[in-house]
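Quick note on full-length UniProt numbering: the sequence shown kicks off at 1 and runs consecutively. A virtual CB, placed ideally from N, CA and C, is assigned to each residue, including glycine. Take a look at the structure below.
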Amino acid sequence: MPLPDSFLRCERLHHFARCLTHQQETLLAMLQAERQVSAGTSWLEQLSKDLQWLSAGAVLPASASHNFPEGLQAFILECPTRFHRLVRKAASAELRQPPTKASASGPDAVPHTCPLCGDAFASFQALRAHRFAVHHLRSDAAAVVDGTSCCPCCLTEFWSRDRVLRHVQHDRPACLEALWTHGMFVNPLTQVHGEPGQTAHYPATRLAGLLLPLTTQSPADAVDAAVQLLAEEPGLSHEDLKQALDAFYFSPAVTDCVALLANEPAIDLTGT
C-alpha cells in the first residue's frame, strides 16, 4: 500500500481521469472556475503538484506536462490505461526509496526535556534512552503507573503490571493524560504486590473510594481554586497550603504552581 501522501496523490489523479472518461463536463468547468478565483489553493493547483510528483516517479510524455490541465487531459483520453499504470508505478517507486531521517541538530532543533529531572536532549531517541537508563522507564505510561497494578486515576485494580500499562496506553488514554498533566509520577523501582501469574487472571475491579479531583479538574482550574482559598484564608501559611493541596488534589503540578504563585511578590494572593 502506498504512503498516505502518495495515496492521496494517486486518488486525485485517478479521480481526474474518471471525470474525463465519464465526461463530467460540468464538474470540470467548476474546477476551472475555482482555479480562477482561488489561485494557489484550488483542487486543480493541488493536482498540478500531483502531476509534478508523477513526473518525478514515472516517465511521462512531454505533452502531458505542457499547458496544464489541457495537456494532461489529452494524454489521459488518448492513453487511459497507460496513465493509470504510470500512477501505480510512481507509488511503487516511492515505497522502494529508503526513508529519510530528520536531523536533530542545528539551530532549529527542538530540545526534548525529561519531565522527571529536567535534563534536555537533542532528540526524542536520546530522551527515551535517558529515561530508560536513569529512571528505568520504558514509556510514558510506565512513568505514571509502573510499580503498581492499580490505575490511580480511575481507581481500577488490574492485578498485574502489564494490564494496567495496557489500560492507560490503549484502553483509556484519558487516564494517562490526566496523570501525566498533573505530574503524578511514581517510583519505578517499587514492586507490584503478588507473585506474577497468580493474580493476573483476576477481573478488573473498581476499588472503593472517591475519584481524585484530578480526574475532573485541570491543573489550571485547581490552581484558581487554590488561589481563591488563599484569598479566603489570609493566615494560611505556605506549608499548610501545601499540605491541603497534597491531601485534596494529590497533584504535584498544582502544588508546584501554587507555590510559585505564593512566592511571587508581585501577586497579592491574600487580598491584603
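Cβ neighbour criterion (16 or more within 10 Å) applied to residue i
i: F83; result: buried
i: G183; result: buried
i: F75; result: buried
i: A141; result: buried
i: V59; result: exposed
i: A109; result: Because A109 sits at a pLDDT of 46, beneath the cut-off of 50, its placement in the model cannot be relied upon, and the point is left open.
i: R85; result: exposed
Contact check, residue i vs residue j, beta carbons under 8 Å
i: L116; j: C153; result: no
i: C150; j: L207; result: yes
i: L47; j: F16; result: yes
i: S65; j: L51; result: yes
i: R35; j: L44; result: yes
i: V134; j: L13; result: no
i: A93; j: G71; result: no
i: V145; j: L127; result: no
i: L176; j: V168; result: yes
i: S123; j: H112; result: yes
Residue i, DSSP secondary structure in three states
i: H130; result: helix
i: A204; result: coil
i: H112; result: strand
i: F121; result: strand
i: C150; result: strand
Presumed contact (8 Å Cβ cut-off) between residue i and residue j, rounded CB distance
i: F158; j: A91; result: With a Cβ gap of about 43 Å, F158 and A91 do not count as contacting.
i: H200; j: R163; result: For the sequence presented, residue 200 should be read as Ala rather than His. Sure, about 7 Å apart at Cβ, within 8 Å.
i: L20; j: L77; result: 6 Å
Which parts of the stretch 6-86 are runs of the alpha helix (DSSP H), unbroken and 4 residues or longer, counting only runs that do not cross its ends?
DSSP runs (the alpha helix (DSSP H)) wholly in the stretch 6-86: 25-37, 43-57, 62-65, 70-78.
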